[in-house]
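Take a look at the structure below.
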Amino acid sequence: MRHRTLLAACTLTAAIATAGSLYFSEALGLVPCVLCWYQRILMYPLVVVLGVATLEGRVGVWRTALPMSTLGTVVAAYHVVLQRSSGLSCGIDGSCGAILWHGLGVFTIPRLSLLAFLLVTLGVGLLALCDRGIADPLTLCSSERR
Numbered sequence: 001m002r003h004r005t006l007l008a009a010c011t012l013t014a015a016i017a018t019a020g021s022l023y024f025s026e027a028l029g030l031v032p033c034v035l036c037w038y039q040r041i042l043m044y045p046l047v048v049v050l051g052v053a054t055l056e057g058r059v060g061v062w063r064t065a066l067p068m069s070t071l072g073t074v075v076a077a078y079h080v081v082l083q084r085s086s087g088l089s090c091g092i093d094g095s096c097g098a099i100l101w102h103g104l105g106v107f108t109i110p111r112l113s114l115l116a117f118l119l120v121t122l123g124v125g126l127l128a129l130c131d132r133g134i135a136d137p138l139t140l141c142s143s144e145r146r
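Each residue of the sequence shown is one higher than the last, beginning at 1 in the UniProt record's numbering.
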């Protein structure tokens, strides 16, 4: 798989997640909870970081993007657990456990965030393997480097 294609896919995933979060808050008027803000803080910069790396063909961006996407995955997973557990909360108002939106009866906003972070983490992780020469035998990477 070409590095730029993988970078573009990660950028597109982060951009869709960013647009989705803005749609939920601005168009639907849903107020983001504390954990939603943490996830936004980790996702929004990924659009710029990965976008610039895509344009410039910088495979080494994984050193910046992987910690951000991994931490975002952890925060989103914790948020999903909070929603499933009625006794847990992230603040005084307990708004992190509230389910404000359901898509197809399965997807909640934290689950969508978790999915986006997992996809970006997987893509950036593959970039790291390609950059370090580990994934070449698996033919996941092309011969182009950095």
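Cβ coordinates follow ideal geometry from the N, Cα and C atoms, glycine included. Nothing here was measured: the structure is a model prediction, and the numbers come from that model.
Check each candidate in Pro110, Leu50, Cys33, Met68 and name the one with the smallest Cα separation from Thr13.
-> Residue numbering aside, residue 13 sits at position 13 when the sequence shown is read from its first letter. Nearest option by C-alpha distance: Leu50.
Given Leu46 as reference, the closest of Val34, Cys33, Arg63, Pro32 once Cα atoms are compared = As a working mapping, residue 46 is identified with position 46 in the sequence shown. Nearest of Val34, Cys33, Arg63, Pro32 to Leu46, Cα basis: Arg63.
Of all the options Ile109, Val124, Ala116, which has the alpha carbon lying nearest to the alpha carbon of Asp4?
-> Taking the first residue of the sequence shown as position 1, residue 4 is located at position 4. In the sequence under discussion, the amino acid at residue 4 is Arg, which differs from the Asp named in the question. Checking every option, the nearest Cα to that of Arg4 belongs to Val124.
By a C-beta neighbour count over all protein chains shown, 10 Å radius and 16 as the cutoff for buried, is Ala19 buried or exposed?
-> For the purposes of this step, residue 19 is identified with residue 19 of the sequence shown, where counting begins at 1. Per the 10 Å Cβ criterion, exposed.
Euclidean distance between Cα positions of Gly81 and Val59 = Residue mapping note: residue 81 aligns to position 81 of the sequence shown, counting from 1. Residue mapping note: residue 59 aligns to position 59 of the sequence shown, counting from 1. Going by the sequence as given, residue 81 is Val instead of Gly. Roughly 33 Å between the two C-alpha positions.
Extent of the continuous alpha helix (DSSP H) run through Ser21 | Here residue 21 is taken as the residue at index 21 of the sequence shown, counted from 1. Run containing Ser21: 3-22, per the alpha helix (DSSP H) assignment.
Same chain, Cβ closer than 7 Å to Leu71, neighbours up to 5 away in sequence not counted | Locating residue 71 in the sequence shown gives position 71, where the first residue counts as 1. Leu42, listed in sequence order.
If you count every other CB in all the chains shown that lies within 10 Å of the CB of Ile109, and 16 or more means buried, which is it?
-> Here residue 109 refers to the residue found at position 109 of the sequence shown. Per the 10 Å Cβ criterion, buried.
From Leu30 to Leu119, what does the alpha carbon distance come to, in whole angstroms?
-> Within the sequence shown, the letter at position 30 stands for residue 30. Within the sequence shown, the letter at position 119 stands for residue 119. Whole-angstrom Cα-Cα distance: 25 Å.
Could you check where the alpha helix (DSSP H) with Pro45 kicks off and where it finishes?
-> In the sequence shown, counting from the first residue as 1, residue 45 sits at position 45. First-last of the alpha helix (DSSP H) with Pro45: 34-56.
Does the beta carbon of Gly20 sit closer than 8 Å to a beta carbon anywhere in chain C?
-> Absent from the structure: chain C. Only one protein chain is present.
Residue span of the alpha helix (DSSP H) that contains Ser69, given as start and end | As a position in the sequence shown, residue 69 is number 69, starting the count at 1. Per DSSP, Ser69 belongs to the alpha helix (DSSP H) from 62-84.
Relative to the C-alpha of Ala9, which residue among Leu129, Leu122, Val34 is closest?
-> Here the question's residue 9 lines up with position 9 in the sequence shown. For Ala9, the nearest C-alpha among the options comes from Leu122.
Beta-carbon proximity list for Ser25, same chain, < 6 Å, skipping 5 on both sides = Against the sequence shown, residue 25 aligns to sequence position 25. Same-chain partners within the cutoff: Pro32.
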